[in-house]
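Sequence order for the protein chains is A and B.
Sequential numbering from 1 applies to the first sequence in full-length UniProt numbering.
Sequential numbering from 1 applies to the second sequence in full-length UniProt numbering.
Glycine included, every Cβ here is placed at the ideal spot set by N, Cα and C.
Just so you know, these numbers come straight off a predicted model, no measurement behind them.
There are 2 protein chains.
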Amino acid sequence: MSSTPRPLPLPAALANDGGRQQAATAIDVARLAGVSQSAVSRTFTKGASVSKTTRAAVMAAAAQLGYRPNLIARSLITGRSNIVGVVMAHFDNQFFPPLLQALSFELGKLGYHLLLFLIPAGADFEPVLDDILRHRVEALIMTSVALSESRAELCRAAGLKVLQLNSRTDSPDIASITGDNAGGAATIAAYLAASQHRRYAMITGMDDNSASRDREAAYTRWLESHGLGAPTRIRGDYSLEGAAAAARTLFSGTTRPDAVFCVNDHTALAVLGVARAEFGLEPGRDVSIIGFDDAPIAAWPEYRLTTYSQPLAALVDATTQALASLLDGTGAPAEQVVVTGQLVVRASARRPATGIIRDGDGREIWVPGS
Amino acid sequence: MSSTPRPLPLPAALANDGGRQQAATAIDVARLAGVSQSAVSRTFTKGASVSKTTRAAVMAAAAQLGYRPNLIARSLITGRSNIVGVVMAHFDNQFFPPLLQALSFELGKLGYHLLLFLIPAGADFEPVLDDILRHRVEALIMTSVALSESRAELCRAAGLKVLQLNSRTDSPDIASITGDNAGGAATIAAYLAASQHRRYAMITGMDDNSASRDREAAYTRWLESHGLGAPTRIRGDYSLEGAAAAARTLFSGTTRPDAVFCVNDHTALAVLGVARAEFGLEPGRDVSIIGFDDAPIAAWPEYRLTTYSQPLAALVDATTQALASLLDGTGAPAEQVVVTGQLVVRASARRPATGIIRDGDGREIWVPGS
DNA sequence: TTCCCGCATGCACGCGCGTGCAATTCGTAG
DNA sequence: CTACGAATTGCACGCGCGTGCATGCGGGAA
Numbered sequence: 001m002s003s004t005p006r007p008l009p010l011p012a013a014l015a016n017d018g019g020r021q022q023a024a025t026a027i028d029v030a031r032l033a034g035v036s037q038s039a040v041s042r043t044f045t046k047g048a049s050v051s052k053t054t055r056a057a058v059m060a061a062a063a064q065l066g067y068r069p070n071l072i073a074r075s076l077i078t079g080r081s082n083i084v085g086v087v088m089a090h091f092d093n094q095f096f097p098p099l100l101q102a103l104s105f106e107l108g109k110l111g112y113h114l115l116l117f118l119i120p121a122g123a124d125f126e127p128v129l130d131d132i133l134r135h136r137v138e139a140l141i142m143t144s145v146a147l148s149e150s151r152a153e154l155c156r157a158a159g160l161k162v163l164q165l166n167s168r169t170d171s172p173d174i175a176s177i178t179g180d181n182a183g184g185a186a187t188i189a190a191y192l193a194a195s196q197h198r199r200y201a202m203i204t205g206m207d208d209n210s211a212s213r214d215r216e217a218a219y220t221r222w223l224e225s226h227g228l229g230a231p232t233r234i235r236g237d238y239s240l241e242g243a244a245a246a247a248r249t250l251f252s253g254t255t256r257p258d259a260v261f262c263v264n265d266h267t268a269l270a271v272l273g274v275a276r277a278e279f280g281l282e283p284g285r286d287v288s289i290i291g292f293d294d295a296p297i298a299a300w301p302e303y304r305l306t307t308y309s310q311p312l313a314a315l316v317d318a319t320t321q322a323l324a325s326l327l328d329g330t331g332a333p334a335e336q337v338v339v340t341g342q343l344v345v346r347a348s349a350r351r352p353a354t355g356i357i358r359d360g361d362g363r364e365i366w367v368p369g370s
Numbered sequence: 001m002s003s004t005p006r007p008l009p010l011p012a013a014l015a016n017d018g019g020r021q022q023a024a025t026a027i028d029v030a031r032l033a034g035v036s037q038s039a040v041s042r043t044f045t046k047g048a049s050v051s052k053t054t055r056a057a058v059m060a061a062a063a064q065l066g067y068r069p070n071l072i073a074r075s076l077i078t079g080r081s082n083i084v085g086v087v088m089a090h091f092d093n094q095f096f097p098p099l100l101q102a103l104s105f106e107l108g109k110l111g112y113h114l115l116l117f118l119i120p121a122g123a124d125f126e127p128v129l130d131d132i133l134r135h136r137v138e139a140l141i142m143t144s145v146a147l148s149e150s151r152a153e154l155c156r157a158a159g160l161k162v163l164q165l166n167s168r169t170d171s172p173d174i175a176s177i178t179g180d181n182a183g184g185a186a187t188i189a190a191y192l193a194a195s196q197h198r199r200y201a202m203i204t205g206m207d208d209n210s211a212s213r214d215r216e217a218a219y220t221r222w223l224e225s226h227g228l229g230a231p232t233r234i235r236g237d238y239s240l241e242g243a244a245a246a247a248r249t250l251f252s253g254t255t256r257p258d259a260v261f262c263v264n265d266h267t268a269l270a271v272l273g274v275a276r277a278e279f280g281l282e283p284g285r286d287v288s289i290i291g292f293d294d295a296p297i298a299a300w301p302e303y304r305l306t307t308y309s310q311p312l313a314a315l316v317d318a319t320t321q322a323l324a325s326l327l328d329g330t331g332a333p334a335e336q337v338v339v340t341g342q343l344v345v346r347a348s349a350r351r352p353a354t355g356i357i358r359d360g361d362g363r364e365i366w367v368p369g370s
């Protein structure tokens, strides 16, 4: 055997046993093509040095055997899995599935695939994080899940690059991409003030979420600093039921608000339904309801929700860029990117006399100064 | 050095350099704990033989180093990645994100994670399949993507177990889980007939989709075999725009239909909007519109869509079971599971005089015989 | 005490492939 | 024809960990 190194036994895969055999390996291909395993590897490695002849022979053998490089083995060597983890909660929120889709498309273009971690409401995050770390994903995109200092430290110790999307941490070491929570909430407050409301309210999300906190703070600050007093605030929990309950409380009170800022579109949709079906209030006339996100559904004719947008494309764009910079290994400092949106004017809130213009897509938006 | 095999240099990870070092390996842990690498492996392998003492020492060292088994390496050895691929298209269809979530939760309980492949509308599937095969997922769940014979053969040759969810192939070798397309469509026809309609129509999906074909065939067959003639059929393309366009054509015709079966809820939502906003038709009174899926949004007060359900829990349940049987390696024959649903009665279609009852959850459903 | 069995442990190997290094080949200038 | 640099190729190793095998150890029965 060892005297003649070349004519090794042909791979078993050639015996057509119905396709039940193991997948062909690089060695199988090498034997069939009469080359070394290295040659096979180089054929499938971009930028490696292989002659045309060899490459052709390898490709032919590979095609015959249905060979495909085993990315598991490749990952073990290179330390790069080409897999990015994505953590999402509140997946029933209409904003997130499109976000996930956009992420998948854009990261796909860069050759990354997504390993999905959906968190049930109220579930513990620790065991999930453990799973993620074991899987050796190259990076982790976390949406709307609080990454505490201790957990962030855990990730760093494990060499896991983390990116917060749609939420942030106080630590400046953690990169984050968020919509313009402060600017958007202030714009909403200004919009409601411009359209002559009197009793301001807000339905918040949960306090462990930075987006909710930031929006609440900016909304409140704007109103207070403009002599309109602090708005009535009531906590939703990001669920439709929680939002509906909050709306009922709000609308049943003795001094019913005429302007309600909902922490996100998901919440606003529930509030819209309660206002109409249970209180006979027509949004935009009897009560103004504004959301945040501009999820696709906000534009649907049944809702026509006025809302401050978090532009998907820009958000995902910023995410891929931040990710690329994270993965490039050049220890660039973590960025905290804020993607600005616009106040998209539709029908769920009373319109102010001035300031409404059309943007390039024909959508009506409100620009305070105009 | 080599004279004393035990006191090896301590792992570099102990030197606290800010957490930028490589992740600890089993050997690092073994050195720190004063045991062999095998002992570490066995400690983290369920069912392996380790003494309490050893386990404790290993766990302590592992905790100190932040060690977690590298699943990449484990996969390479065991040939099991604990990752299931999921292919989805039409992700803007409100039925799919909840389906994905349910899959994620249920498969998570079994220790599987999802590698996500979202297909842009009209994109080629071949390169995606190639990616999937390289990643050595243990199984592939395909939703609403046609798996041609040739592609199925490719998967089988590569040893990839495939499961079709919400669609099927004619080949009996490919396992599939679907809703009751034939039964549901026939029930819808019967329901519309029972509520005294005269001009039946259907907006289909695309012809390369088995669910659309099956629903169309059963709907048509029922109507024809009951002397009601073939319904007007018009093709949507699963997009909101396509559905809206189809609805406009339908409602603009000289003989406007009074009963419209939409191939799925997504299509129905668009049709509902067009009927109301553009033709002043109140669904349930002026025209009956029925969907298929019972996506969560169908129950929302703005839609109240009458629809035939594809119960998520049962669907996912059947999927996990089929998956388990696929993965168990006992070459059980591929099953074609059909999960029956119910005609959920809401407000978008005229109600028949009889047959409506309440199910256990208080929902109104229609049972032909009652 | 002796023997035997079962548990615990370490050793060594290999999963499939990328890659540094040395050997070889090829092309072409001299 | 000779020579020399560049391109190509094979060899050998190892990424991190599971696991078969052999060894060692302890305990209960004879």
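Any idea what DSSP makes of M88/B, helix, strand or coil?
Your numbering for residue 88/B matches position 88 in the second sequence. If DSSP states are grouped into helix, strand and coil, M88/B belongs with the strands.
Under the three-state reduction of DSSP, which class applies to R304/B: helix, strand or coil?
Here the question's residue 304/B lines up with position 304 in the second sequence. Three-state DSSP puts R304/B in coil, outside helix and strand.
Please list the segments of the beta strand (DSSP E) lying wholly inside the region 247-289 of chain B, counting only runs of 3 or more residues, in order along the chain.
Fully enclosed beta strand (DSSP E) runs of 3 or longer: 259-262.
Applying the criterion that 16 or more other CB atoms from any shown protein chain within 10 Å of the CB defines a buried residue, is Q310/A buried or exposed?
Working through the first sequence from its first residue, we reach residue 310/A at position 310. By the 10 Å Cβ count, Q310/A comes out buried.
Would you report the Cα separation of L110/A and L76/B, rounded to the nearest angstrom?
Counting from one through the first sequence, the residue named residue 110/A turns up at place 110. Counting from one through the second sequence, the residue named residue 76/B turns up at place 76. Taking the straight line joining both Cα atoms gives about 25 Å.
Could you check whether E335/A and A324/A sit closer than 8 Å to each other, using their CB atoms as the reference points?
Along the first sequence, one-based indexing puts residue 324/A at 324. Along the first sequence, one-based indexing puts residue 335/A at 335. Result no, Cβ atoms of A324/A and E335/A do not sit closer than 8 Å.
At a Cβ threshold of 8 Å, is F91/B touching chain A?
Position 91 of the second sequence, counted from the start, is the residue given in the question as residue 91/B. Cβ-Cβ to chain A under 8 Å: yes for F91/B.
If you follow the alpha helix (DSSP H) that Q94/A is part of, which residue opens it and which one closes it?
As a first step, residue 94/A is located in the first sequence; it is residue number 94 there, counting from the start. Per DSSP, Q94/A belongs to no alpha helix (DSSP H) and is neither H nor E.
Mark K161/A as exposed unless 16 or more other C-beta atoms lie within 10 angstroms of its C-beta, in which case mark it buried.
Here residue 161/A corresponds to residue number 161 of the first sequence, with the count starting at 1. Answer is buried; the Cβ neighbour count reaches 16.
To which residues of the same chain is L272/A closer than 8 Å at the C-beta, ignoring the five residues directly before and after it?
Within the first sequence, numbered from 1, the residue matching residue 272/A stands at position 272. Contacts found: P283, I289, Y303, L305, S348.
Spatial neighbours of T320/B within its chain, please: C-beta separation below 6 Å, excluding the five flanking residues on both sides.
Position 320 of the second sequence, counted from the start, is the residue given in the question as residue 320/B. Around T320/B: E106.
Assuming L240/A contacts P231/A under a Cβ cut-off of 8 Å, what Cβ separation, rounded to an integer in Å, is found between them?
Translated into the one-based positions of the first sequence, residue 240/A becomes position 240. Translated into the one-based positions of the first sequence, residue 231/A becomes position 231. With a Cβ gap of about 22 Å, L240/A and P231/A do not count as contacting.
Would N181/B and A218/B be called neighbours here (beta carbons separated by less than 8 Å)?
Taking the second sequence and counting its residues from 1, one reaches residue 181/B at position 181. Taking the second sequence and counting its residues from 1, one reaches residue 218/B at position 218. Contact: yes.
According to DSSP, is E216/A part of a helix, a strand, or is it coil?
As a position in the first sequence, residue 216/A is number 216, starting the count at 1. In the structure shown, E216/A sits in a helix (DSSP, three-state: H, G or I).
Residues of chain A with a CB under 8 Å from the CB of D130/B: which are they?
Here residue 130/B corresponds to residue number 130 of the second sequence, with the count starting at 1. Simply R68.
Please report the Cβ distance between F251/B and L281/B, rounded to the nearest whole angstrom; I am assuming they are in contact, meaning their Cβ atoms lie under 8 Å.
Here residue 251/B refers to the residue found at position 251 of the second sequence. Here residue 281/B refers to the residue found at position 281 of the second sequence. That pair is a contact at about 7 Å.
Quick check: what's the CA-CA separation for L8/B versus D28/B?
Translated into positions along the second sequence, residue 8/B becomes position 8. Translated into positions along the second sequence, residue 28/B becomes position 28. Any reading at L8/B must be qualified, since the residue scores a pLDDT of 36, below 50, and its modelled position is unreliable; no value is offered.
Is there at least one Cβ from chain A nearer than 8 Å to Q37/B's Cβ?
Position 37 of the second sequence, counting from 1, holds the residue named residue 37/B. It does not; no Cβ of chain A falls within 8 Å.
With a cut-off of 8 Å, does the C-beta of S81/B fall near any C-beta of chain A?
Walking along the second sequence from the start, residue 81/B turns up at place 81. Yes, S81/B counts as interfacial toward chain A.
Could you tell me whether any Cβ in chain A is nearer than 8 Å to the Cβ of Y303/B?
As a position in the second sequence, residue 303/B is number 303, starting the count at 1. Yes, Y303/B counts as interfacial toward chain A.
Just to check my reading of the structure: N209/A and S150/A have Cβ atoms closer than 8 Å, yes? What is that Cβ distance to the nearest angstrom?
As a first step, residue 209/A must be located in the first sequence, where it is residue number 209. As a first step, residue 150/A must be located in the first sequence, where it is residue number 150. So it is not a contact: roughly 18 Å between Cβ atoms.
Would you kindly work out how many angstroms separate the C-alpha atoms of A39/A and I72/A, rounded to a whole number?
In the first sequence, counting from the first residue as 1, residue 39/A sits at position 39. In the first sequence, counting from the first residue as 1, residue 72/A sits at position 72. Using only the alpha carbons, I get a separation of about 19 Å.
Does the beta carbon of R136/A come closer than 8 Å to any beta carbon on chain B?
Residue 136/A sits at position 136 when you count from the first residue of the first sequence. At least one chain B Cβ lies under 8 Å of R136/A.
Judging by CA-CA distance, which residue of H226/B, R233/B, L228/B is the nearest neighbour of E216/B?
As a working note, residue 216/B is residue 216 in the second sequence. Closest option to E216/B, Cα to Cα, is R233/B.
I need the DSSP call for R68/A, collapsed to helix, strand or coil.
Numbered from its first residue, the first sequence carries residue 68/A at position 68. It is coil, neither helix nor strand.
Out of K52/B, A61/B, A26/B, S49/B, point me to the one whose CA is closest to A33/B's CA.
Looking up residue 33/B in the second sequence gives position 33. Here the closest residue by C-alpha is A61/B.
What did DSSP end up calling A23/A once you bin it into helix, strand or coil?
As a position in the first sequence, residue 23/A is number 23, starting the count at 1. In this structure, A23/A counts as coil in the three-state DSSP scheme.
Under 9 Å, CB to CB, which of the residues in the region 224-245 of chain B have a partner in chain A?
Flagged, chain order: L240.
If the criterion is Cβ atoms closer than 8 Å, does the pair T204/B and G242/B meet it?
The residue you call residue 204/B lines up with position 204 of the second sequence. The residue you call residue 242/B lines up with position 242 of the second sequence. No, Cβ-Cβ distance for T204/B and G242/B is not below 8 Å.
Please confirm if S148/A has its CB atom under 8 Å from at least one CB of chain B.
As a working note, residue 148/A is residue 148 in the first sequence. Chain B, which has no Cβ nearer than 8 Å to the Cβ of S148/A, makes this no.
Does the beta carbon of H113/B come closer than 8 Å to any beta carbon on chain A?
Locating residue 113/B in the second sequence gives position 113, where the first residue counts as 1. True, the Cβ-Cβ gap to chain A drops below 8 Å.
Determine, using beta carbons only, whether I72/A comes closer than 8 Å to chain B.
Walking along the first sequence from the start, residue 72/A turns up at place 72. Yes, I72/A counts as interfacial toward chain B.
Using the Cβ count rule (16 or more neighbours within 10 Å means buried), how would you classify A15/B?
As a first step, residue 15/B must be located in the second sequence, where it is residue number 15. Its pLDDT being 39, under 50, A15/B is placed unreliably in this model, and the value from its coordinates should be taken loosely. Exposed.
What's the gap between the Cα of A298/A and the Cα of M142/B?
In the first sequence, residue 298/A corresponds to position 298, counting from 1. In the second sequence, residue 142/B corresponds to position 142, counting from 1. In a straight line, the C-alpha of A298/A is about 30 Å away from that of M142/B.
For the beta strand (DSSP E) that contains Y200/A, what are its first and last residues?
In the first sequence, counting from the first residue as 1, residue 200/A sits at position 200. Where Y200/A is concerned, the enclosing beta strand (DSSP E) stretches over 200-204.
What are the uninterrupted segments assigned as beta strand (DSSP E) that are 3 or more residues long and contained completely in the region 138-193 of chain B, given in chain order?
List check, beta strand (DSSP E) in window: 139-143, 161-165, 175-179.
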